[in-house]
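Participant: Handing you this structure, nothing more for now.
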Amino acid sequence: MRKRQTANGKRQTANGKRQTANGKRQTANGKRQTAKTANRKPQTANRKPQTANRKPQTANRKPPRKYPWIAIPDHAVGLFYETSLFFPDSGGIVFVHHQFFDDADQHAAALRGWDQRYDQIGPGAFRSAVKQIELNGVHLFHESANLRVVQRGYLPPDQMTFGVPLTGAGSFTFGGARVDRGAFVMARGGEPFEFHSPDEMSLVGVVIGSDMLQGIADSAGVDLADALFRRSVVDIPNAACARAGLQIAALLESVLAQPDAFDDARAQHALRSRVGEVLVDLLAYHVPASTNRLTHACQSDIVRRIHDFVIEHPEEPFDIQSLCTQLRVSRRTVQNSFQAVVQTSPLAYVRSLRLSQVRRLLLDTRQADLSVSDAAAQWGFVHLGHFANAYKAQFGELPSQTARRSSRAPVAR
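What follows is the structure in structure tokens.
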């Protein structure tokens, strides 16, 4: 028994040696690890601070370049820049203007020389932007908005306006005619207009005087007395219309980027000539009017007459059936007309229109002169709770949160 224990003891001793050997191996490995650790460079030794050369996010911040501007942050609302430069050598003034808005009326007032009013029809918080320049008798503008609006007013007198839609989530309607893809707007100054623009719209425009218009008509081989100039919407090939819109936008951007580059008569004349070439192409490509415009014109006239009735009778409750009887049209015809022109129902359109009138009252008056409930009552809203909910759904804020005249900063013009 003892011999066996001794043998076992030897075995244990042998095992102990093996453990010791393993321990040495572990120690050796440990030395290797220590050696690697010794040669390892600290991770933070040459690391550059992340904020060392970082430029402030707000420094030299540029406006977004893509159109339309439908995701404008609240802090961006207001004047981005406005510049009037007088160049004695060329005898001209370059006016450069870029502004963001959160109110449709402020947007409407920003376009120089236009007497117009915008009513927000689409629900939600309104966001829009206007870029425009005036140079040597040419006015270029690019406007965009995230919600549907109806525009009414008068164009600048003794001038012709060309408008080319770029984007839109629905159809445009101008002067009773639908502006389909591959069509542009043409309207004489001094005449009333009505323009329905869809959500997420973006549009470029050119306003010129009668002298430049005559030269463009001559170059395009068109007589100013031609029926073409009596049409408010002109059809041309899609590619030609899209190309013209992008060219106008590019010309506008070239002046906005470097207004000082247009300080001499040569540069201003070159820009004027380039704008003229774009307009000549638009007129040269025109095609005969579509036969379905008569139907759309009738539908647009129904919308216009109901719009006028609502504005002229602010406190009267809106009864669609009695109005149909007065207009001598069926309810189905009225329903189809609103769907075709403004892509909404008559009741929704009238509610949005009246809410816009209340908002305009609140913006133009002081709290001490007109309460929210009185303003709502003037436009047929008798239940204040329902009115407040509808107002918030339409404009993204309660009527009590709308800035009144005494607390609102003056709008830069």
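If you count the sequence shown from 1, you need to add 8 to reach my numbering. Every residue, glycine too, gets a C-beta built ideally from N, C-alpha and C.
Cα separation between Q266 and I141?
Facilitator: Computed Cα separation, rounded: 12 Å.
Participant: The beta strand (DSSP E) with D123 in it runs from where to where?
Facilitator: Run containing D123: D123 to Q128, per the beta strand (DSSP E) assignment.
Participant: For A396 versus L406, is the C-beta distance shorter than 7 Å?
Facilitator: Yes, the Cβ-Cβ distance between A396 and L406 is below 7 Å.
Participant: With DSSP collapsed to three states, give me the class of D327.
Facilitator: Reduced to three states, the DSSP call for D327 is coil.
Participant: Closest to P206 by C-alpha separation, out of R312, H315, L392 and F180, would be which residue?
Facilitator: The candidate whose alpha carbon is nearest that of P206 is F180.
Participant: In this structure, does DSSP put D110 in helix, strand or coil?
Facilitator: Of the three classes helix, strand and coil, the one that applies to D110 here is coil, per DSSP.
Participant: Assuming the contact rule is C-beta atoms closer than 8 Å, I319 and L331 should be a hit. Round their C-beta distance to whole Å, please.
Facilitator: Incorrect: roughly 13 Å between the Cβ atoms, too far for contact.
Participant: Use the C-beta contact count for Q222: other C-beta atoms within 10 angstroms, 16 or more gives buried, fewer gives exposed.
Facilitator: Burial call: exposed.
Participant: Can you tell me whether P322 is helix, strand or coil according to DSSP?
Facilitator: Of the three classes helix, strand and coil, the one that applies to P322 here is coil, per DSSP.
Participant: Do A118 and S136 have their beta-carbon atoms positioned less than 7 Å apart in this structure?
Facilitator: No.
Participant: Kindly give me the distance between the Cβ atoms of F149 and V138, rounded to whole angstroms, as I take these residues to be in contact under 8 Å.
Facilitator: Rounded, the Cβ-Cβ distance is 7 Å, consistent with contact.
Participant: With distance defined between alpha-carbon atoms, name the residue in C306, V349, E323 and F326 nearest to F203.
Facilitator: Of the listed residues, the one whose Cα sits closest to F203 is V349.
Participant: Enumerate in chain order the residues of its own chain whose CB-to-CB distance from G217 is below 6 Å, with the five nearest sequence positions on each side excluded.
Facilitator: Excluding residues within five positions, the ones whose Cβ falls inside 6 Å are G145 and Q167.
Participant: Taking 8 Å as the threshold, find out whether the segment 230-244 comes into contact with the segment 182-190 through three or more Cβ pairs.
Facilitator: Yes: the two stretches touch, three or more of their Cβ pairs being nearer than 8 Å.
Participant: The alpha helix (DSSP H) spanning R340 covers which residue range?
Facilitator: Run containing R340: R339 to V349, per the alpha helix (DSSP H) assignment.
Participant: Check for me: the beta strand (DSSP E) holding R196 runs from which residue to which?
Facilitator: A191 to R196 is the extent of the beta strand (DSSP E) around R196.
Participant: Going by beta carbon distance, what residues of the same chain come within less than 7 Å of V215, once the five residues before and after it are set aside?
Facilitator: Answer for V215: H147, P164, Q167 and T169, listed in chain order.
Participant: Quick one: complete alpha helix (DSSP H) runs, 4+ long, within the segment 356-403?
Facilitator: If we require 4 residues or more, the alpha helix (DSSP H) runs fully inside the segment 356-403 come out as 380-386 and 392-403.
Participant: Answer with buried or exposed for S408, where buried requires no fewer than 16 other C-beta atoms within 10 angstroms of its C-beta.
Facilitator: With fewer than 16 other Cβ atoms within 10 Å, it is exposed.
Participant: Taking just the CA atoms, how far does I256 sit from F103?
Facilitator: So the alpha carbons of these two residues sit roughly 17 Å apart.
Participant: Alpha carbons only, please: which of T341, Q329, Q276 and H115 is nearest the one belonging to C306?
Facilitator: The shortest Cα separation from C306 among T341, Q329, Q276 and H115 belongs to T341.
Participant: For Q287, which option in S345, L361, Q375 and A228 has the closest C-alpha, if you only look at C-alpha atoms?
Facilitator: The question names Gln, but residue 287 in the sequence shown is Leu. The shortest C-alpha separation from L287 is found at A228.
Participant: Quick one: is A401 buried, meaning 16 or more other Cβ sit within 10 Å of its Cβ, or exposed?
Facilitator: Label assigned to A401: exposed.
Participant: Give the straight-line distance between the Cα atoms of S308 and D268, rounded to the nearest whole angstrom.
Facilitator: Using only the alpha carbons, I get a separation of about 45 Å.
Participant: Could you please give the first and the last residue of the uninterrupted alpha helix (DSSP H) stretch that includes S218?
Facilitator: Its alpha helix (DSSP H) spans residues S218 to A228.
Participant: What number of angstroms, rounded off, separates the C-alpha of D271 from the C-alpha of G171?
Facilitator: So the two alpha carbons sit approximately 27 Å from each other.
Participant: So S243 is in the beta strand (DSSP E); what residue range does that whole segment cover?
Facilitator: Contrary to the premise, residue 243 reads as Asp rather than Ser in this sequence. Element bounds for D243: V241 to D243.
Participant: Taking all protein chains shown into account, decide if P325 is buried (16 or more other Cβ within 10 angstroms of its Cβ) or exposed.
Facilitator: It counts as exposed.
Participant: Using a Cβ-Cβ cut-off of 8 Å (strictly less than) and excluding sequence neighbours within five positions of R412, which residues of its own chain qualify?
Facilitator: If we look at R412 and ignore the five residues flanking it on each side, its Cβ neighbours are L370, L371, T373, R374 and Q375.
Participant: Among the residues of its own chain, which have a CB less than 8 Å from the CB of L259, if the five just before and after it don't count?
Facilitator: Cβ within range, chain order: L148, L279, R282, V283 and V286.
Participant: Please state whether DSSP places G183 in a helix, a strand or coil.
Facilitator: In this structure, G183 counts as coil in the three-state DSSP scheme.
Participant: Measure the alpha-carbon distance for G161 versus A112 and round it to whole angstroms.
Facilitator: Taking the straight line joining both Cα atoms gives about 14 Å.
Participant: Since H147 is in the beta strand (DSSP E), which residue starts that stretch and which ends it?
Facilitator: That run of the beta strand (DSSP E) goes V146 to A153.
Participant: Of the choices Q347, P200 and G213, whose alpha-carbon is the least far from that of L174?
Facilitator: Comparing Cα positions, the closest option is G213.
Participant: In whole angstroms, give me the CA-to-CA distance for F403 and R196.
Facilitator: If you take the alpha carbons of F403 and R196, they lie about 33 Å apart.
Participant: Looking only at its chain, what residues have a beta carbon closer than 7 Å to the beta carbon of D219, apart from the 5 residues adjacent to it on each side?
Facilitator: Here the set comprises nothing.
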